[in-house]
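**Q** Numbers given in my numbering equal positions in the sequence shown, counted from 1, plus 208.
Think of the CB as a built atom: it goes at the ideal place given N, C-alpha and C, for glycine as much as any other residue.
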Amino acid sequence: MPLKSAIDRDVLNVVHRLQDASFETYIVGGAVRDIFLGIKPKDYDIATAATPEQVKSLFRRNARIIGRRFRLVHYSIGHKIFEISTFRREPSEEEKLVEVKGKLRPNENTFGTAEEDAWRRDFTVNAIFYDPVREKISDFTGMGEKDLKDGIVRTIGEPAKRFAEDPVRILRALKLAGQYGFTIEGGTLAALSSARQTIRSASVSRLSLEFEKILKNQNSAKIMKAFMEHGFMEFFLPGIYREFRMDKSKEELFLGVLGDWNLRISHGAYRASVSIALSAVCAPFLTGILGLDDPDSPLLPRWQVEPEMVSKIRSLVHPYSFPRRLVAVSREILMLQPLLLKRGRNAHIVRHSRFHHARELFEILNKALWKDASIEGKWR
Ligand code: ATP
Ligand code: MG
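1) Would you say D218 touches ligand 2, meaning its beta carbon is less than 6 Å from a heavy atom?
2) One question on the structure: do I484 and F443 come within less than 7 Å of each other, judged by their Cβ atoms?
3) Consider the C-beta atom of A237 and the heavy atoms of ligand 2; say whether any pair is separated by less than 6 Å.
4) Taking 7 Å as the cut-off, decide whether the C-beta atoms of L220 and P375 are in contact.
5) If you compare alpha carbons, which of G467, T259 and E353 is closest to T233?
6) What number of angstroms, rounded off, separates the C-alpha of L549 from the C-alpha of L498?
7) If you compare alpha carbons, which of L500, R296, S293 and P314 is closest to E302?
8) Use the C-beta contact count for L500: other C-beta atoms within 10 angstroms, 16 or more gives buried, fewer gives exposed.
9) Can you tell me which of V465, A239, L542 and F390 puts its alpha carbon nearest to the alpha carbon of V518?
10) Answer yes or no: the CB of D253 versus the heavy atoms of ligand 2, is any distance below 6 Å?
11) Considering K344, what are the terminal residues of the beta strand (DSSP E) in which it resides?
12) Answer yes or no: does any C-beta atom of chain D fall closer than 7 Å to that of K304?
13) Between R296 and ligand 1, is the CB less than 6 Å from at least one heavy atom?
14) So is V240 buried or exposed if we call it buried at 16+ other beta carbons inside 10 Å?
15) How would you call S213, buried or exposed, if buried means at least 16 neighbouring beta carbons within 10 angstroms?
16) At a threshold of 6 Å, does R532 count as lining ligand 1 (C-beta to nearest heavy atom)?
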């Protein structure tokens with residue numbers, strides 16, 4: 209039984225307020241999963257009987273209705289943002305498509321009951337509803353709690369159908385398996401293996417968001433390892449997969465760099481910055497361009513290095529796109545690496561706005577590439 213005390217007070221307040229206004233409300237998704245597993249949730253998804261408009265009018269200024277296709281409310285308090293979504297049900301045949309700005313689109317806003325909402329979710333372990341006020345669990349599929357205890361990823365309903373409906377679920381299944389070391393149930397695994405390549409037909413913007421979430425995840429190395437073991441890199445990250453085919457040793461370097469970064473974050477030594485993660489993902493394939501393979505090689509001028517580096521990054525993460533600012537910071541972090549390796553301590557570098565981020569990547573690269581004890585503390 210998850211402990212009420214494990215739940216963020218602000219989340220409890222949100223649930224309370226919705227319930228006091230007579231709307232059935234639960235905590236759902238990853239937060240419930242994490243609480244059950246004894247992990248502190250990093251964000252919360254809340255599901256309620258209130259419509260987005262009703263949620264908005266209850267919370268007023270702090271609430272914003274977002275999403276064009278799937279409308280939900282972002283409730284913000286301080287730096288925290290909670291996603292509050294209305295229970296959905298499967299649309300009927302006539303409701304399946306709606307006209308948006310003259311175009312027919314899938315209708316994702318047919319509201320329903322909590323139970324109907326649970327059955328629309330992807331995996332049994334993601335469909336456990338928890339009411340923290342009554343301290344009551346509703347496991348509508350009847351399998352969620354047991355699968356979570358046994359560490360099993362199982363689609364709700366017929367696996368091939370669920371992956372065909374939404375190929376992003378393939379990625380989500382592998383993410384769960386990698387992140388928690390869960391086993392993928394036989395039928396789910398068979399369907400996933402034959403549907404792997406359909407990930408290419410999923411929306412690039414949705415996949416970009418999932419990719420960004422993986423980068424933020426403290427188990428990103430384990431997730432990437434699961435992608436590699438299940439032959440998913442070829443379809444999800446074809447640019448990186450090509451690099452692995454050309455040079456097998458890059459696989460170990462790639463997982464090593466990410467794994468070390470994950471470890472340092474879990475120890476609280478490093479910040480969980482997505483821009484460092486993005487540069488860490490690309491760095492193993494840029495060592496030649498940046499002149500990082502040999503500390504004694506000459507330092508090349510920026511104008512010579514940067515264009516080649518930028519086009520390489522683009523091909524590595526193709527077809528995904530990230531917020532412009534995030535990419536700009538990652539580029540700076542990477543461009544500082546040869547300076548940190550080859551220059552002595554100087555004010556110009558230390559005062560650079562990205563110096564601290566760059567130093568963290570530098571120490572991670574040292575562990576994987578140069579293995580020089582004097583380098584770890586060089587810029588501290
Ligand atoms: P994380 O810890 O990474 O946030 P999560 O499972 O909470 O993991 P979200 O993307 O926040 O992932 O989604 C919240 C919940 O919404 C999921 O747990 C699942 O129940 C449901 N969900 C998300 N994506 C899908 C999908 N593609 N198909 C069906 N249900 C989904
Ligand atoms: Mg979530």
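**A** Considering the structure as presented:
1) As a working note, residue 218 is residue 10 in the sequence shown. The answer is no for D218.
2) For this step, residue 484 is matched to residue 276 along the sequence shown. For this step, residue 443 is matched to residue 235 along the sequence shown. The answer is no: Cβ separation not under 7 Å.
3) Numbered from 1 along the sequence shown, position 29 holds the residue referred to as residue 237. Checking the sequence, you will find Gly at residue 237 rather than Ala. Answer for G237: yes, Cβ within range of ligand 2.
4) Mapped onto the sequence shown, residue 220 falls at position 12. Mapped onto the sequence shown, residue 375 falls at position 167. Contact flag unset, no.
5) What you label residue 233 is simply residue 25 of the sequence shown in a count that begins at 1. The shortest C-alpha separation from T233 is found at T259.
6) Position 341 of the sequence shown, counted from the first residue, corresponds to residue 549. Position 290 of the sequence shown, counted from the first residue, corresponds to residue 498. Roughly 11 Å between the two C-alpha positions.
7) The residue you call residue 302 lines up with position 94 of the sequence shown. The residue with the shortest Cα to Cα distance from E302 is P314.
8) Your numbering for residue 500 matches position 292 in the sequence shown. Result: buried.
9) Stepping through the sequence shown from its first residue, residue 518 is reached at position 310. That would be L542, whose Cα lies nearest to the Cα of V518.
10) Counting from 1 along the sequence shown, the entry for residue 253 is found at position 45. At least one heavy atom of ligand 2 is nearer than 6 Å to the Cβ of D253, so yes.
11) Translated into positions along the sequence shown, residue 344 becomes position 136. Counting along the chain, the beta strand (DSSP E) containing K344 begins and ends at K344 to S346.
12) You won't find chain D in this structure, because it holds only one protein chain.
13) Along the sequence shown, one-based indexing puts residue 296 at 88. No, the beta carbon of R296 sits no closer than 6 Å to any heavy atom of ligand 1.
14) Indexing the sequence shown from 1 puts residue 240 at position 32. Classification for V240: buried.
15) Here residue 213 refers to the residue found at position 5 when the sequence shown is read from its first residue. Exposed: under 16 other Cβ atoms inside 10 Å.
16) Here the question's residue 532 lines up with position 324 in the sequence shown. Flag unset: Cβ of R532 not near ligand 1.
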